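Take a look at the structure below.
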Amino acid sequence: MGHISTLPTELLVSVFLDVRDECPTTWLRVLSVCRTWYEIACSAAPLWSKLTFDGRCDINLFRTYLHRSENAKLKLSLDIHAVEGDSLLDIVHQHSTQLRVLSVVFSPAQTGLLQQRLDDPGFSQLITDLELHCLTAEAPRMFLRPLALRSLRSLLATQVLPRSGAGSTFDTVTRLKLVQIWHVVPAEDQSPDGYDILPVIGKFPALGSLVLRDALPPFLGNTTVDQVSLPLLRTLEVNETIEDIKFLLQHLVLPASAHISVVARVADAMWEAANDGTFLSILPENREVTLPMIHHSTALRLFAGHTEHGALALAGDYDATTLLDDPAWCIVLPDCGDVLHESTCAALEELSQIVPPSGLTHLELHVAPRVLLFDVDWMAVLGPLHRVRNMVVGSRWAAEGLVMALYRHPVLLPDLQVLELCLEELLPDTLEGPLPPPDPEIPPRAIKKVVIVQGDDAKVPYLAGTTLGSMISASEYDFKHSSCSACHVIPSNQPELDGDDSSNESDGSMKRTMR
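Those letters in the sequence shown? Residues 1170 to 1684, per the numbering used here, in order.
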């Protein structure tokens, strides 16, 4: 094997890029391996196209990094709340023709300074992705000019409310995410006239994706607000209280092709589901107008309860069957303590009232393991849904009840072809030989394909040796050794921000200077 200095430059740069992306806080250490690597890394412009600045990074060293990027398109993450932001933004301004992605963490006192920069087309006209995060107890307003941000496609605002002038709209923005706004808005602004999120959303008519998390103001009762239409919206994710969600969905007109994900939280710990159940407590009365996808949906995901890591489905990724381009929508029911069981059962029985039974072909029911659904009337829940072909059920208790219902009622889901069961662990009653069905006079329910998503690392289970397996018979079985991220939320691994290393470029151990 030759010396490391003999490796092709292209190969080394490719490896360095992988190291940078995999180890964003420590990749600079490759500079200290040898002089050859140092020279190659310093001359590779793509390596310096993704930079992070915080208060522990020397501003002159950051200037050097930007110079090394040459003409590469820049993705910058700046934390200016504890530094002289004007000097740093002056340096960035010198590379504005390269700037494409900008993320800024700032203090309330720096709001005007940042707004002034973003109002300058010479600074911001080529930015496509903008992220603003204000460290404050009171969400400031930041007025942005669409003419200055003429290339903007994506805007993420945390604890800051983006506004635009009268008559001006962001016609190029297709993705908007608003996080943690309502609870930091001054009390005097929490009124229909002083503050409302719908007029802000209305300034983005071309949205294809809208995410709201703790963004909506507290529900204000009989408030009169004009409806906002988003004809191009494809995905809507809302994580708010039940009352706020209902108010939003009542005034937001969406296309029939939109995919909706709703995480409904409980504002009051003593909240109880309304008499008409949980689904109908969340959805507005005018849903036929504002939520037309409900009447065109062939697929639905329902989530109930929370795990120790948070609400179900918040991972945003599913091991269950992929829904491709099929219009779909999902709702996470609130965790209502002792009433969760009753509200979940009530919601299940509302399915046929909300989704046209004749059109639903794909149904997923993900239930937190602690929700014990022993007495659900599955005939009442699924009886009208006679066209369902794919059924996904999460949690051991829901799976047992559903399989028992399918076994005892052959007329239930007559077109069922694929049954997916997301089990945290295989049932403990596994035997070496096959178990007979519970009733000798009733044969096992025949299903074309059965998929078991198993949370532990055991070998492929002997399903026929379980009570669950004795009630079904499939021509094809598929086993997955993983946790369904819808039913069993796995926290994402976030890299730790370790600032204990000394700051020195020559030895490659800078303090969080890049990501």
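Beta carbons: idealized from backbone N, C-alpha and C, even for Gly.
Note that the structure is a prediction, hence the values are computed from the model and not measured.
Through-space distance from SER1466 to ASP1495, alpha-carbon basis: By one-based count along the sequence shown, residue 1495 stands at place 326. By one-based count along the sequence shown, residue 1466 stands at place 297. Low local confidence applies: a pLDDT of 45 at ASP1495 is under 50, so the model's placement there is unreliable, with the coordinate-based value given in what follows. C-alpha separation (whole angstroms): 8 Å.
Here's the rule I'm using: 16 or more other beta-carbon atoms within 10 Å means buried, otherwise exposed. How should THR1178 be labelled? The count along the sequence shown starts at 1 and reaches residue 1178 at position 9. It is exposed - the Cβ of THR1178 has fewer than 16 other Cβ atoms within 10 Å.
Whole angstroms is fine: what's the gap from VAL1184's alpha carbon to TRP1217's? Translated into positions along the sequence shown, residue 1184 becomes position 15. Translated into positions along the sequence shown, residue 1217 becomes position 48. Roughly 14 Å between the two C-alpha positions.
Contacting residues, own chain, Cβ-Cβ under 7 Å from ALA1615 (five flanking each side not counted): Position 446 of the sequence shown, counted from the start, is the residue given in the question as residue 1615. Closer than 7 Å at Cβ, skipping near neighbours: SER1642.
Alpha carbon to alpha carbon, how far is HIS1250 from VAL1550? Your numbering for residue 1250 matches position 81 in the sequence shown. Your numbering for residue 1550 matches position 381 in the sequence shown. Roughly 54 Å separates the two Cα atoms.
Taking the beta strand (DSSP E) that PHE1222 belongs to, which residues open and close that run? Residue mapping note: residue 1222 aligns to position 53 of the sequence shown, counting from 1. It spans 1219-1222 - the beta strand (DSSP E) in which PHE1222 sits, taken as one unbroken run.
Buried/exposed call for VAL1658, threshold 16 Cβ in 10 Å: Here residue 1658 refers to the residue found at position 489 of the sequence shown. Because VAL1658 sits at a pLDDT of 44, beneath the cut-off of 50, its placement in the model cannot be relied upon, and the point is left open.
When the Cα atoms are used, what is the spatial distance from LEU1313 to SER1378? What you label residue 1313 is simply residue 144 of the sequence shown in a count that begins at 1. What you label residue 1378 is simply residue 209 of the sequence shown in a count that begins at 1. Distance between the alpha carbons of LEU1313 and SER1378 is about 20 Å.
When you compare only the Cα positions, how much space is there between PRO1386 and ARG1558? The residue labelled residue 1386 in the question sits at position 217 within the sequence shown. The residue labelled residue 1558 in the question sits at position 389 within the sequence shown. Those two C-alpha atoms are separated by around 40 Å.
Helix, strand or coil for CYS1455 per DSSP? The sequence position of residue 1455 within the sequence shown is 286, counting from 1. Rather than Cys, the amino acid found at residue 1455 in this sequence is Asn. The answer is coil: DSSP assigns ASN1455 none of H, G, I, E or B.
Measure the C-alpha to C-alpha separation of THR1341 and ASP1288 and round it to an integer number of angstroms. Residue numbering aside, residue 1341 sits at position 172 when the sequence shown is read from its first letter. Residue numbering aside, residue 1288 sits at position 119 when the sequence shown is read from its first letter. Rounded to the nearest angstrom, the two C-alpha atoms are 16 Å apart.
As assigned by DSSP and simplified to three states, the class of HIS1428: On the sequence shown, residue 1428 is found 259 positions in, with the first residue counted as 1. The answer is strand: DSSP assigns HIS1428 an E or B state.
So, for GLY1638: in the same chain, excluding its five sequence neighbours on each side, which residues have a beta-carbon less than 6 Å away from its beta-carbon? For this step, residue 1638 is matched to residue 469 along the sequence shown. Result list for GLY1638: LEU1632, in chain order.
If you follow the beta strand (DSSP E) that LEU1379 is in, where does it begin and where does it stop? Residue 1379 sits at position 210 when you count from the first residue of the sequence shown. LEU1379 -> beta strand (DSSP E) spans 1378-1382.
DSSP three-state assignment for PHE1339, whether helix, strand or coil: Reading the sequence shown from its first residue, position 170 is the one you call residue 1339. The answer is coil: DSSP assigns PHE1339 none of H, G, I, E or B.
Using C-beta distances below 7 Å, list every residue in its chain close to ASP1187, excluding the 5 sequence neighbours before and after it, in chain order. Position 18 of the sequence shown, counted from the first residue, corresponds to residue 1187. No residues qualify anywhere along the chain.
Below 8 Å, can you find three or more Cβ-Cβ pairs linking the region 1581-1595 to the region 1607-1621? yes
How would you label ARG1470, buried or exposed, when you count the other beta carbons within 10 angstroms and need 16 or more for buried? Residue numbering aside, residue 1470 sits at position 301 when the sequence shown is read from its first letter. That one is buried.
Beta-carbon within less than 6 Å of SER1272's beta-carbon, same chain only, minus the 5 sequence neighbours each way: which residues are those? On the sequence shown, position 103 is the one that residue 1272 refers to. So the list reads SER1246, GLU1300, once near-sequence residues are dropped.
Candidates VAL1562, SER1527, SER1564: which alpha carbon is nearest ARG1556's? On the sequence shown, position 387 is the one that residue 1556 refers to. For ARG1556, the nearest C-alpha among the options comes from SER1527.
Just checking my contact of ARG1286 with LEU1258 at CB under 8 Å: how many whole Å lie between their CB atoms? Locating residue 1286 in the sequence shown gives position 117, counting from the first residue. Locating residue 1258 in the sequence shown gives position 89, counting from the first residue. About 5 Å separates the two Cβ atoms, so the contact holds.
Looking only at its own chain, which residues have a Cβ that is under 7 Å from the Cβ of ARG1577, when we skip the five neighbours before and after it? What you label residue 1577 is simply residue 408 of the sequence shown in a count that begins at 1. Excluding residues within five positions, the ones whose Cβ falls inside 7 Å are ILE1611.
Same chain, Cβ closer than 8 Å to PRO1309, five either side skipped, listed in chain order: For the purposes of this step, residue 1309 is taken as residue 140 along the sequence shown, with counting starting at 1. Cβ neighbours of PRO1309 beyond the five flanking positions: PRO1277, THR1280, CYS1303, VAL1329, LEU1330.
According to DSSP, is MET1311 helix, strand or coil? One-based indexing of the sequence shown puts residue 1311 at position 142. Strand, per DSSP.
Within a Cβ cutoff of 8 Å, which residues of the same chain sit near ARG1232, ignoring the five residues on either side of it in sequence? Taking the first residue of the sequence shown as 1, we reach residue 1232 at position 63. For ARG1232, where only same-chain residues beyond five positions count, the Cβ hits under 8 Å are ILE1260.
Residue of VAL1397, LEU1381, THR1221 minimising C-alpha distance to ILE1429: For the purposes of this step, residue 1429 is identified with residue 260 of the sequence shown, where counting begins at 1. For the residues VAL1397, LEU1381, THR1221, the minimum Cα distance to ILE1429 belongs to LEU1381.
Continuous alpha helix (DSSP H) stretch holding VAL1619: start and end: Position 450 of the sequence shown, counting from 1, holds the residue named residue 1619. No alpha helix (DSSP H) holds VAL1619; the beta strand (DSSP E) holding it covers 1614-1623.
To the nearest angstrom, how far is the alpha carbon of TRP1440 from that of ASP1413? The residue you call residue 1440 lines up with position 271 of the sequence shown. The residue you call residue 1413 lines up with position 244 of the sequence shown. Residue placement at TRP1440 cannot be trusted, given a pLDDT of 47 that sits under 50; the coordinates are not used to answer.
Exposed or buried, which one is ASP1608 when buried takes at least 16 other CB atoms within 10 Å? Residue 1608 sits at position 439 when you count from the first residue of the sequence shown. Under this definition ASP1608 is an exposed residue.
With LYS1244 as the anchor, note down where its beta strand (DSSP E) starts and where it stops. Working through the sequence shown from its first residue, we reach residue 1244 at position 75. Element bounds for LYS1244: 1243-1248.
Which parts of the region 1247-1282 are runs of the alpha helix (DSSP H), unbroken and 4 residues or longer, counting only runs that do not cross its ends? 1254-1262
My understanding is that LEU1220 touches LEU1230, with C-beta atoms under 8 Å, so please give their C-beta distance in whole angstroms. The sequence position of residue 1220 within the sequence shown is 51, counting from 1. The sequence position of residue 1230 within the sequence shown is 61, counting from 1. Between LEU1230 and LEU1220 the Cβ distance is about 11 Å, and since that is not below 8 Å, they are no contact.
I need the DSSP call for ASP1227, collapsed to helix, strand or coil. Sequence index remark: in the sequence shown, residue 1227 carries index 58 (1-based). In the structure shown, ASP1227 sits in coil (DSSP, three-state: anything other than H, G, I, E or B).
Other residues of its chain near TYR1646: CB distance less than 6 Å, five sequence neighbours each side excluded: Numbered from 1 along the sequence shown, position 477 holds the residue referred to as residue 1646. Cβ within range, chain order: VAL1619.
Secondary structure of ASP1126, DSSP reduced to three states: Only positions 1170 to 1684 of the chain appear in this structure, which leaves residue 1126 out of reach.
Check the DSSP bridge columns for ASP1298 and list the partner residues they point to. By 1-based counting over the sequence shown, the position of residue 1298 is 129. Bridge partners of ASP1298: VAL1270, SER1323.
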